[in-house]
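In the numbering used here, the protein residues as written are 533 to 808.
This is the structure:
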């Protein structure tokens with residue numbers, strides 16, 4: 533009798549510690565924790581989730597905000613899928629204590645801006661997708677202490693300017709997608725010391741001018757996508773043209789506004805330019 537009572541007590545205690553699966557969701561238990569599927573459940577907010585949740589699928593709902601400090605309630609959380617919702621604001625401390633977070637999917641929401649220090653101190657974060665929102669402003673130092681971030685997608689937003697500090701600390705980044713925004717120019721030191729960056733996609737913007745040293749030390753860069761930009765190929769293109777010629781191994785689709793490939797521009801004409 534005492535043994536039976538003890539078993540029941542342990543089961544109840546474990547349930548209280550781990551929390552219960554929301555009735556509108558489905559949950560499965562794994563060695564890593566609870567895998568919670570709340571996909572397409574007409575949710576307006578985050579439901580109460582098990583404390584041992586490591587994977588959440590909240591796609592295709594009508595959620596308007598991310599719970600503040602959600603990792604404090606779910607310290608094992610590694611994978612967050614909250615794309616295709618109605619989120620307009622991400623609070624600065626939303627991802628506080630998310631030290632083992634691996635993947636964040638936030639695309640296809642209504643986010644308009646990202647404040648400084650929103651994505652900070654997530655040393656395990658590998659993938660961050662914020663594409664196809666309404667972002668027009670990303671404040672300096674929005675991305676800090678993300679030493680293992682490999683893939684980042686900011687495509688399909690309303691960005692017209694890239695601050696030179698935006699990617700300054702993302703030294704492990706391998707893939708950066710920034711296509712289909714409204715960027716008009718690339719300033720000096722926009723992309724520097726990103727030693728592992730292998731693919732950079734800036735296609736479908738409004739880039740007409742690329743300043744000298746906009747692309748700094750990028751030793752791993754293998755593909756640079758610039759199609760769909762009205763590049764002004766007068767004397768101002770000289771420094772970028774020189775940079776491309778010196779890195780012949782980089783695959784690029786940079787095209788002038790008149791349809792001419794940048795790499796095919798006549799060297800004699802450009803070298804007579806008095807531009808620095």
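Beta carbons: idealized from backbone N, C-alpha and C, even for Gly.
In this text, all values refer to a predicted model and were calculated from it rather than measured experimentally.
Close beta carbons around residue i, own chain, < 8 angstroms, minus the five adjacent residues each side
i, result
"residue 735", "711, 712, 757, 758, 759, 760, 761 and 785"
Selection from the options that minimises the alpha carbon distance to residue i
i, options, result
"residue 591", "754, 600, 673 and 618", "618"
"residue 659", "669, 679, 651 and 684", "684"
"residue 606", "580, 755 and 746", "580"
"residue 782", "753, 791, 768 and 556", "753"
"residue 715", "706, 725, 727 and 694", "694"
"residue 674", "663, 690 and 651", "651"
"residue 612", "729, 698, 728 and 589", "589"
"residue 556", "610, 672 and 577", "577"
"residue 737", "596, 717, 653 and 671", "717"
C-alpha gap between residue i and residue j, whole angstroms
i, j, result
"residue 777", "residue 739", "20 angstroms"
"residue 686", "residue 571", "23 angstroms"
"residue 623", "residue 644", "12 angstroms"
"residue 655", "residue 647", "19 angstroms"
"residue 688", "residue 575", "25 angstroms"
"residue 585", "residue 551", "9 angstroms"
"residue 678", "residue 603", "16 angstroms"
"residue 537", "residue 594", "Residue confidence for residue 537 is low, a pLDDT of 42 falling below 50, so the modelled location carries little weight and cannot support an answer."
"residue 542", "residue 553", "Because the pLDDT of residue 542 is 40, which lies under 50, any placement of that residue in the model is unreliable, and the question is left without a value."
"residue 665", "residue 627", "19 angstroms"
"residue 779", "residue 724", "15 angstroms"
"residue 692", "residue 667", "10 angstroms"
"residue 774", "residue 750", "15 angstroms"
"residue 642", "residue 620", "5 angstroms"
"residue 564", "residue 797", "56 angstroms"
"residue 596", "residue 671", "21 angstroms"
"residue 477", "residue 690", "The question about residue 477 has no answer, for the chain in this structure spans 533 to 808."
"residue 609", "residue 573", "21 angstroms"
Close-in-space but distant-in-sequence residues of the same chain around residue i (CB under 7 angstroms, 5 per side omitted)
i, result
"residue 625", "600 and 601"
"residue 721", "696, 745 and 748"
"residue 681", "657, 658, 660, 702, 704 and 705"
"residue 763", "739, 740, 769, 786, 787, 788, 789 and 794"
"residue 792", "765"
Start-to-end residues for the alpha helix (DSSP H) that takes in residue i
i, result
"residue 649", "Where residue 649 is concerned, there is no enclosing alpha helix (DSSP H), given that its DSSP letter is neither H nor E."
"residue 777", "770–777"
"residue 604", "602–605"
Cβ shell of residue i (< 6 angstroms), same chain only, five flanking positions each side left out
i, result
"residue 772", "742"
"residue 637", "613, 615 and 661"
"residue 560", "567"
"residue 728", "704, 706 and 752"
"residue 635", "611 and 659"
"residue 558", "569"
"residue 755", "731 and 783"
"residue 639", "615, 661, 663 and 664"
Host beta strand (DSSP E) of residue i (start-end)
i, result
"residue 707", "707–709"
"residue 640", "Per DSSP, residue 640 belongs to no beta strand (DSSP E) and is neither H nor E."
"residue 684", "683–685"
"residue 569", "566–569"
"residue 613", "611–613"
"residue 731", "731–733"
"residue 756", "755–757"
"residue 587", "585–589"
"residue 559", "558–561"
"residue 656", "Here residue 656 belongs to no beta strand (DSSP E), and DSSP marks it neither H nor E."
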